[in-house]
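2 protein chains.
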Amino acid sequence: MIELQNVSKVYAGQDGEVRALDHVNLSIQRGEFVVIRGPSGSGKSTLLLTAGGLVRPTEGKVVVDGKDIYTLSSRERASFRGGNIGFVFQMFHLLPYLNVLENVLVPTISGARKSDRTEAAELLQRLKMSDRLHHRPSQLSTGQRQRVAIARALLNRPRVILADEPTGNLDPDNAAEVLDYLTEFHKAGGTVLLVTHEQYADEYAQRIVLLQNGKISFLREESLKPS
Amino acid sequence: MIELQNVSKVYAGQDGEVRALDHVNLSIQRGEFVVIRGPSGSGKSTLLLTAGGLVRPTEGKVVVDGKDIYTLSSRERASFRGGNIGFVFQMFHLLPYLNVLENVLVPTISGARKSDRTEAAELLQRLKMSDRLHHRPSQLSTGQRQRVAIARALLNRPRVILADEPTGNLDPDNAAEVLDYLTEFHKAGGTVLLVTHEQYADEYAQRIVLLQNGKISFLREESLKPS
Ligand SMILES: Nc1ncnc2c1ncn2[C@@H]1O[C@H](COP(=O)(O)OP(=O)(O)OP(=O)(O)O)[C@@H](O)[C@H]1O
Ligand SMILES: Nc1ncnc2c1ncn2[C@@H]1O[C@H](COP(=O)(O)OP(=O)(O)OP(=O)(O)O)[C@@H](O)[C@H]1O
Ligand SMILES: [Mg+2]
Ligand SMILES: [Mg+2]
Chain A
1 MIELQNVSKV YAGQDGEVRA LDHVNLSIQR GEFVVIRGPS GSGKSTLLLT
51 AGGLVRPTEG KVVVDGKDIY TLSSRERASF RGGNIGFVFQ MFHLLPYLNV
101 LENVLVPTIS GARKSDRTEA AELLQRLKMS DRLHHRPSQL STGQRQRVAI
151 ARALLNRPRV ILADEPTGNL DPDNAAEVLD YLTEFHKAGG TVLLVTHEQY
201 ADEYAQRIVL LQNGKISFLR EESLKPS
Chain B
1001 MIELQNVSKV YAGQDGEVRA LDHVNLSIQR GEFVVIRGPS GSGKSTLLLT
1051 AGGLVRPTEG KVVVDGKDIY TLSSRERASF RGGNIGFVFQ MFHLLPYLNV
1101 LENVLVPTIS GARKSDRTEA AELLQRLKMS DRLHHRPSQL STGQRQRVAI
1151 ARALLNRPRV ILADEPTGNL DPDNAAEVLD YLTEFHKAGG TVLLVTHEQY
1201 ADEYAQRIVL LQNGKISFLR EESLKPS
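These protein sequence lines map, in sequence, to chains A and B.
Position 157 (the first sequence) corresponds to 157 in this note's numbering; numbering is contiguous.
Counting from 1 along the second sequence, just add 1000 to a position and that's the residue number in this note's numbering.
Shown next, in the form of structure tokens:
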């Protein structure tokens, strides 16, 4: 489904180049649940952003369903992302001028269905955000912003969820609720790439990828379990 | 040292008022290590911001060393904070136009000592940031930004550290390093108020405060252990 072929990403740093990804080869199958772990600064966010069509690799290809996504125009890539990928960003990236409900409905802007508003309200209810629907992001706690970012990624029933540390600011109960969501999404056939420092997803994941200084290795590699 | 007397904080929400703190009475002794826990949205950040002189309570007083800090002018309060409190914000709040080293040195702007730069470099080395000293925050990973925010709070040897979820974006090794820091600071006589969802500080803390819907209770309350 998503294949990183010999992907490297080099940033221009102030003290010389930073090689955030170093010749990464990783093939995520459709319907797989993969956990990505590694020390702070090891390249996890860069891996997710590259795999999701948001950050162009310096070298190598990202091929999704046979399509080399960085040969697309940025408009084509945006519509490809909108139709396929739900992204939970590590720093949320909510739109400050929209309220909670509007932020969750952003992915539907290009084609809203009648049922979207009710679905958004249901997602937010499950994430215990029903009494904050009209708040702006600045009127929310950090963990509440994180939950809005998660609801936004899930709304459009994407085929793939790329989640970057989605529970870093959540207490154990809220974190468990988020993981339940991701496992349900996966059981319904979705593909999940989850970056997390927590151990809670390990027993469920089919593969655990370790990133260290931009290089990957496999902490666990199993053929796809029938889920 | 820091005493919250009948403190309430009410925000104007979109769907009515939000009582983030509800008649909180909490007295933190000098040299104490207190952990604050509670569900997302329960009022932890508001408690820290109120105790630290940054958010004025709607009702009640915050008395530090006998001084009612919200009767001070905002300039007096700022210099009081600068001389006494090291703040680790949940969203870091680094200055985007300064590099890592400059951000850590911000607390010393009002009176830099010769030794500050070397101390800043030592703190950053211990937090494994030596090879990013000249990067801007936008050129860092999220956990790296968090570590810069921690170094900045520690630099001026404040008397009190107020840390809001300082390890949410860190892997276990980096998180352990931060906790080591806080315990060393405490052993040297510092006062620590640590908001965290993690359990790692529990055995060390002298008191564990639980916040639920703005109300506090004590999960553990001990007289000050000789540390
Ligand atoms: N500016 C604001 N306007 C309205 N409501 C607010 C504002 N800031 C915070 N709140 C509300 O006050 C409550 C407490 O917020 P606070 O940030 O203190 O929670 P928290 O315990 O730190 O949460 P988290 O663990 O998610 O960081 C939340 O329910 C939040 O929605
Ligand atoms: N714009 C940039 N310019 C220069 N270096 C960068 C830039 N963005 C990231 N980096 C560097 O690339 C490396 C990988 O960053 P990345 O954000 O992918 O790490 P991460 O594994 O997600 O870390 P964390 O767990 O702290 O979120 C880091 O060392 C960081 O300093
Ligand atoms: Mg990251
Ligand atoms: Mg908070």
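Virtual Cβ for every residue (Gly too), placed ideally from N, Cα, C.
Exercise. Between B/1146, B/1147, B/1037, which lies nearest to residue 1202 of chain B when the distance is taken from Cα to Cα?
Worked result: For residue 1202 of chain B, the nearest C-alpha among the options comes from B/1037.
For this session: Please check if any C-beta of chain B sits within less than 8 angstroms of the C-beta of residue 11 of chain A.
Result: The beta carbon of residue 11 of chain A falls within 8 angstroms of a beta carbon belonging to chain B, placing the residue at that interface.
Exercise. From this set, B/1165, B/1062, B/1106, which residue's C-alpha is nearest residue 1082 of chain B's C-alpha?
Worked result: Comparing Cα positions, the closest option is B/1106.
Exercise. Unbroken alpha helix (DSSP H) runs of length 4 or more, entirely within the region 11-93 of chain A: which are they?
Worked result: Taken in chain order, the complete alpha helix (DSSP H) segments of 4 or more residues contained in the region 11-93 of chain A are 44-51, 74-84.
For this session: Using a Cβ cut-off of 8 angstroms (strictly closer), state whether residue 1143 of chain B contacts chain A.
Result: When Cβ-Cβ separations below 8 angstroms define contact, residue 1143 of chain B makes contact with chain A.
For this session: Output the distance between the C-alpha atoms of residue 210 of chain A and residue 1014 of chain B, rounded to the nearest integer angstrom.
Result: Between residue 210 of chain A and residue 1014 of chain B, the C-alpha separation is close to 43 angstroms.
For this session: With hydrogens ignored, establish whether the beta-carbon of residue 62 of chain A is closer than 7 angstroms to any heavy atom of ligand 2.
Result: Residue 62 of chain A: no, Cβ never under 7 angstroms from ligand 2.
Exercise. Under 8 angstroms between C-beta atoms, does residue 1174 of chain B make it to chain A?
Worked result: So, interface residue.
Exercise. Can a CB atom of chain A be found closer than 8 angstroms to the CB of residue 1001 of chain B?
Worked result: It does not: the Cβ of residue 1001 of chain B has no partner Cβ on chain A nearer than 8 angstroms.
Exercise. By Cβ distance, which residues of its chain are closer than 7 angstroms to residue 1019 of chain B, with the 5 residues on each side in sequence left out?
Worked result: The beta carbon of residue 1019 of chain B sits closer than 7 angstroms to the beta carbons of 1008, 1010, 1214 from its chain, once the five residues preceding and following it are set aside; these are given in chain order.
Exercise. Are the region 1034-1054 of chain B and the region 1122-1134 of chain B touching, with three or more C-beta to C-beta distances below 8 angstroms?
Worked result: No, they do not touch.
Exercise. Thinking C-alpha only, which one of B/1116, B/1145, B/1118 is nearest residue 1093 of chain B?
Worked result: Nearest of B/1116, B/1145, B/1118 to residue 1093 of chain B, Cα basis: B/1145.
Problem set entry | Sequence-distant residues of its chain with Cβ nearer than 8 angstroms to residue 120 of chain A (five each side left out) | So the qualifying residues of the chain are 101, 104, 105, 151, 155.
Problem set entry | residue 240 of chain A to residue 163 of chain A span [Cα, whole Å] | There is no way to answer for residue 240 of chain A, as the model of chain A reaches only from 1 to 227.
Exercise. If you run the structure through DSSP and keep just helix, strand and coil, what is residue 201 of chain A?
Worked result: Correct three-state label for residue 201 of chain A: coil.
For this session: Could you tell me whether any non-hydrogen atom of ligand 1 is closer than 7 angstroms to the CB of residue 1055 of chain B?
Result: Checking every heavy atom of ligand 1 against the Cβ of residue 1055 of chain B, none is found closer than 7 angstroms.
For this session: Taking 8 angstroms as the cut-off, decide whether the C-beta atoms of residue 2 of chain A and residue 28 of chain A are in contact.
Result: Yes. Within cutoff.
For this session: Would you check whether ligand 5 has a heavy atom nearer than 7 angstroms to the C-beta of residue 1117 of chain B?
Result: The model depicted lacks ligand 5 and carries ligand 1, ligand 2, ligand 3 and ligand 4 instead.
Problem set entry | Proximity test, Cβ basis, 8 angstroms: residue 1099 of chain B and chain A | With 8 angstroms as the cut-off, residue 1099 of chain B counts as an interface residue toward chain A.
Exercise. Residue 1162 of chain B lies in the beta strand (DSSP E); which residues open and close that run?
Worked result: 1160-1164 is the extent of the beta strand (DSSP E) around residue 1162 of chain B.
Exercise. Is residue 1149 of chain B buried or exposed, if buried means 16 or more other CB atoms sit within 10 Å of its CB?
Worked result: Buried is the label assigned to residue 1149 of chain B, since at least 16 other Cβ atoms lie within 10 Å of its Cβ.
For this session: Report yes or no: is there a C-beta of chain B within less than 8 angstroms of the C-beta of residue 165 of chain A?
Result: Yes, residue 165 of chain A lies at the interface with chain B (some Cβ there is under 8 angstroms from its Cβ).
Exercise. Going along chain B, which residues have a C-beta under 9 angstroms from residue 171 of chain A?
Worked result: Under the 9 angstroms cutoff, chain B gives 1037, 1038, 1039, 1040, 1042, 1197.
Exercise. List, in order along the chain, the chain A residues whose C-beta lies closer than 7 angstroms to that of residue 1015 of chain B?
Worked result: Within 7 angstroms Cβ-Cβ: 131, 134.
For this session: Classify residue 1114 of chain B as helix, strand or coil using the three-state DSSP reduction.
Result: In this structure, residue 1114 of chain B counts as coil in the three-state DSSP scheme.
For this session: Let me know the secondary structure DSSP gives residue 141 of chain A once reduced to three states.
Result: In this structure, residue 141 of chain A counts as coil in the three-state DSSP scheme.
For this session: Please confirm whether any heavy atom of ligand 3 lies closer than 7 angstroms to the CB of residue 142 of chain A.
Result: It does not: the Cβ of residue 142 of chain A is nowhere closer than 7 angstroms to a heavy atom of ligand 3.
For this session: Taking only heavy atoms of ligand 3 into account, decide whether any of them is closer than 7 angstroms to the Cβ of residue 164 of chain A.
Result: Residue 164 of chain A: yes, Cβ under 7 angstroms from ligand 3.
For this session: Going by CA-CA distance only, name the one from A/158, A/192, A/22 that's closest to residue 256 of chain A.
Result: Because chain A in this structure spans residues 1 to 227, residue 256 of chain A falls outside the shown range and cannot be described.
For this session: Whole angstroms is fine: what's the gap from residue 1078 of chain B's alpha carbon to residue 88 of chain A's?
Result: Inter-residue distance for residue 1078 of chain B and residue 88 of chain A is about 36 angstroms (C-alpha atoms, whole angstroms).
For this session: Using 10 angstroms around the beta-carbon of residue 1059 of chain B, count the other beta-carbons present and answer buried if the total reaches 16, otherwise exposed.
Result: Of the residues assessed, residue 1059 of chain B falls on the exposed side of the cut-off, its CB having fewer than 16 other CB atoms within 10 angstroms.
Exercise. Which of the three DSSP states, helix, strand or coil, is assigned to residue 1208 of chain B?
Worked result: Residue state, collapsed to three classes: strand.
Exercise. Got a sec: is the Cβ-Cβ distance from residue 1073 of chain B to anything in chain D below 8 angstroms?
Worked result: The structure shown contains no chain D; its protein chains are A and B.
For this session: Answer yes or no: do residue 200 of chain A and residue 175 of chain A have a C-beta to C-beta separation smaller than 8 angstroms?
Result: With contacts defined by Cβ atoms closer than 8 angstroms, residue 200 of chain A and residue 175 of chain A form a contacting pair.
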